[in-house]
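K.L.:
Encoded as structure tokens, here's the structure I'll be asking about.
Protein chains: 4
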Amino acid sequence: MTALTLADARKIIAAAEAKAEEIGQPMNVAVVDAGSNLIAHIRMDGAWIGSVDISINKAWTSRAFDITTKHLGENSQPGQDFYGILASNNGKVMIFAGGIPLTRDGKVVGAIGVSGGTGDQDQTVAEAGAASL
Amino acid sequence: MTALTLADARKIIAAAEAKAEEIGQPMNVAVVDAGSNLIAHIRMDGAWIGSVDISINKAWTSRAFDITTKHLGENSQPGQDFYGILASNNGKVMIFAGGIPLTRDGKVVGAIGVSGGTGDQDQTVAEAGAASL
Amino acid sequence: MTALTLADARKIIAAAEAKAEEIGQPMNVAVVDAGSNLIAHIRMDGAWIGSVDISINKAWTSRAFDITTKHLGENSQPGQDFYGILASNNGKVMIFAGGIPLTRDGKVVGAIGVSGGTGDQDQTVAEAGAASL
Amino acid sequence: MTALTLADARKIIAAAEAKAEEIGQPMNVAVVDAGSNLIAHIRMDGAWIGSVDISINKAWTSRAFDITTKHLGENSQPGQDFYGILASNNGKVMIFAGGIPLTRDGKVVGAIGVSGGTGDQDQTVAEAGAASL
Chain U
15 MTALTLADAR
25 KIIAAAEAKA
35 EEIGQPMNVA
45 VVDAGSNLIA
55 HIRMDGAWIG
65 SVDISINKAW
75 TSRAFDITTK
85 HLGENSQPGQ
95 DFYGILASNN
105 GKVMIFAGGI
115 PLTRDGKVVG
125 AIGVSGGTGD
135 QDQTVAEAGA
145 ASL
Chain Z
15 MTALTLADAR
25 KIIAAAEAKA
35 EEIGQPMNVA
45 VVDAGSNLIA
55 HIRMDGAWIG
65 SVDISINKAW
75 TSRAFDITTK
85 HLGENSQPGQ
95 DFYGILASNN
105 GKVMIFAGGI
115 PLTRDGKVVG
125 AIGVSGGTGD
135 QDQTVAEAGA
145 ASL
Chain R
15 MTALTLADAR
25 KIIAAAEAKA
35 EEIGQPMNVA
45 VVDAGSNLIA
55 HIRMDGAWIG
65 SVDISINKAW
75 TSRAFDITTK
85 HLGENSQPGQ
95 DFYGILASNN
105 GKVMIFAGGI
115 PLTRDGKVVG
125 AIGVSGGTGD
135 QDQTVAEAGA
145 ASL
Chain D
15 MTALTLADAR
25 KIIAAAEAKA
35 EEIGQPMNVA
45 VVDAGSNLIA
55 HIRMDGAWIG
65 SVDISINKAW
75 TSRAFDITTK
85 HLGENSQPGQ
95 DFYGILASNN
105 GKVMIFAGGI
115 PLTRDGKVVG
125 AIGVSGGTGD
135 QDQTVAEAGA
145 ASL
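Chains as they are written, first to last, in this note's numbering: chain U, 15 to 147; chain Z, 15 to 147; chain R, 15 to 147; chain D, 15 to 147.
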């Protein structure tokens, strides 16, 4: 397994940024490495300042549990297996769409987190970023 | 865009305070600038001390996401797009009525946050403050 | 209005403790003053250690919003006016039964918080304490 | 009552680890003593890093309230007695399956917490650990 580099992160972010521009919604985009530590983050002009934290933590969550935050969210509703997980890990667990693990050679090497629009918009932009790896 | 001044904040708070007195419910009222940093806050005599934090963070939330906290709350119920958002940003995300972005010349320049009564009361007082700008 | 003294708090706690012994459930009992600051707390032998924090914060919450935590909880369910309030005030907002404001001469002078059993048990013990003032 | 020793904790963890290997799901396993303080923790190779915190706090919660986290979770859903309890104790309250009190001679002497799979998997592994005492 080759570790995710800053060059990788920049390429992923560029792909996400292009998709965000295409759909006309400014976004925060973050990439973390295999240890769930931040490599790079951008806040596009006009993107919500409340989404800085959310984009970084969506990326953190996706690597911390090797799962999309969308999928984790589906299992964290009242009555589901992980209901209450957002109280753990000091507020870093995000349970709504926009975080996706990044894989290389079948191994998770990091994750991308996107925040700035609706759930569908965040997910679309994150997928564009992840697909570029 | 002209930045929100302390004089602006005082005018907004005075309008909110007048409305709170009119409906007979003491309130906490807070105004933040474009960076979501507090400009001014008042706690009317007899208003809940637990609402100091809530009024300030309703204002923070409204500017951080350029949305009313009432609207954000509607999208943060179980099963909705932003369910779980209150775990983010270190406890600053308020998802119930009373926070409204402040706009000038079509741009968001800050926000007002009100806490001290029912959701309807908080919203009414916040609207009175926002309308005065 | 006469401020709540340590002697008052001890009397309130003794009444709550007697009720807890009567129903056979060891409890944590806390009393706060008008500023919502702790005056006294006891953990009865065998009571849950996780309830230390909860009893103190139920008392805090009841004075901070001049409401029983039971009533606040009814208004903090999904879809209700205060849904999401537990994210505020740094984890001090408790929204389940056991916290009751303490009044003297028609004024709130503090609050009692009880934790250690079911909601009904906590409420019963808190009521016994509050009634002794 | 004899206090839980490190040797006890290692035995419990070994039994849990064996069960996790049997079901093919790497886990985090933690054991706390009667004061709810950590004695030992392991993260099996490949287990989620987000589950370090969760396993330790499931153990903490089970001892703090002398209850399985599964049972506590059933009583912490919207409308239930303990809805909102996850706001207490600074993010240490876990309300989903995987935490079980450890008893000796009919007394709770600590707890085990397991995180790394589905609720059923976590519970199964925790039960195997607890049964070994």
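We put the beta carbon where it would ideally sit given N, CA and C, even for glycine.
Within the 7 Å Cβ cut-off, does U:I68 reach chain Z?
P.N.:
Output row for U:I68: interface = yes.
K.L.:
In this structure, what does DSSP give as the bridge partners for D:G113?
P.N.:
The partner list for D:G113 (beta bridge, DSSP) reads D:G127.
K.L.:
Keeping to the same chain, check which residues put their C-beta closer than 6 Å to that of Z:Q18; ignore five residues upstream and five downstream.
P.N.:
The displayed chain sequence assigns Leu, not Gln, to residue 18 of chain Z. Same-chain partners within the cutoff: D47, V123, G124.
K.L.:
Can you give me the C-alpha to C-alpha distance between D:N89 and U:T117, rounded to a whole angstrom?
P.N.:
So the two alpha carbons sit approximately 38 Å from each other.
K.L.:
Identify the residues that DSSP records as bridge partners of D:K121: which are they?
P.N.:
Answer is D:R118, bridged to D:K121.
K.L.:
What is the residue span of the alpha helix (DSSP H) that R:I27 lies within?
P.N.:
Where R:I27 is concerned, the enclosing alpha helix (DSSP H) stretches over 20 to 37.
K.L.:
For the putative contact between R:A44 and R:I70, defined by C-beta atoms under 8 Å, what is the C-beta separation to the nearest angstrom?
P.N.:
Yes, they are in contact, since the Cβ atoms of R:A44 and R:I70 sit about 4 Å apart, within 8 Å.
K.L.:
Grab the span of the alpha helix (DSSP H) containing D:I68 for me, first residue to last.
P.N.:
Where D:I68 is concerned, the enclosing alpha helix (DSSP H) stretches over 65 to 79.
K.L.:
Are there 16 or more other CB atoms within 10 angstroms of the CB of U:L86, so buried, or fewer, so exposed?
P.N.:
Burial call: buried.
K.L.:
Which residue or residues does DSSP assign as beta-bridge partners of D:A144?
P.N.:
DSSP, once it has assigned bridges, lists no residue as partnering D:A144.
K.L.:
Would U:I68 and U:A23 qualify as a contact pair, given that the criterion is a beta-carbon distance under 7 Å?
P.N.:
For U:I68 and U:A23, no; Cβs fall outside 7 Å.
K.L.:
For Z:G130, which option in Z:L20, Z:K25, Z:G60 has the closest C-alpha, if you only look at C-alpha atoms?
P.N.:
Nearest option by C-alpha distance: Z:G60.
K.L.:
Quick one: which residues of the region 98 to 113 of chain U get their C-beta closer than 9 Å to a C-beta of chain D? List them in chain order.
P.N.:
Flagged, chain order: G98, I99, L100, A101, S102, N103, N104, G105, K106, V107.
K.L.:
Per DSSP, what kind of secondary structure is R:V107 in: helix, strand or coil?
P.N.:
It is coil, neither helix nor strand.
K.L.:
By the three-class DSSP mapping on this structure, what secondary structure does R:A61 have?
P.N.:
Coil.
K.L.:
What does the Cβ neighbour count give for U:N103, buried or exposed, with the cut at 16 atoms within 10 Å?
P.N.:
Per the 10 Å Cβ criterion, buried.
K.L.:
Could you tell me if D:T16 is buried or exposed, where buried requires 16 or more neighbouring beta carbons within 10 angstroms of its beta carbon?
P.N.:
Classification of D:T16: exposed, given that the 10 Å Cβ count is below 16.
K.L.:
Name the residues in the region 51 to 85 of chain D whose C-beta lies less than 7 Å from a C-beta of chain U; which are they?
P.N.:
Residues passing the 7 Å Cβ filter: W62, I63, G64, D67, I68, N71.
K.L.:
In terms of residue numbering, what span does the alpha helix (DSSP H) encompassing R:T83 cover?
P.N.:
It spans 83 to 88 - the alpha helix (DSSP H) in which R:T83 sits, taken as one unbroken run.
K.L.:
By the three-class DSSP mapping on this structure, what secondary structure does U:D134 have?
P.N.:
It is helical.
K.L.:
In this structure, does DSSP put U:A101 in helix, strand or coil?
P.N.:
The answer is helix: DSSP assigns U:A101 an H, G or I state.
K.L.:
Output yes or no for whether 7 Å exceeds the beta carbon distance between R:A73 and R:G113.
P.N.:
In this structure, R:G113 lies closer than 7 Å to R:A73 by Cβ.
K.L.:
For D:K121, does the count of other Cβ atoms within 10 angstroms reach 16, so buried, or fall short, so exposed?
P.N.:
Exposed, by the Cβ-count rule.
K.L.:
What's the gap between the Cα of D:A32 and the Cα of R:G105?
P.N.:
Near 38 Å, if we compare the C-alpha coordinates of R:G105 and D:A32.
K.L.:
Quick check: what's the CA-CA separation for D:R77 versus R:N42?
P.N.:
The straight-line gap from Cα to Cα measures roughly 16 Å.
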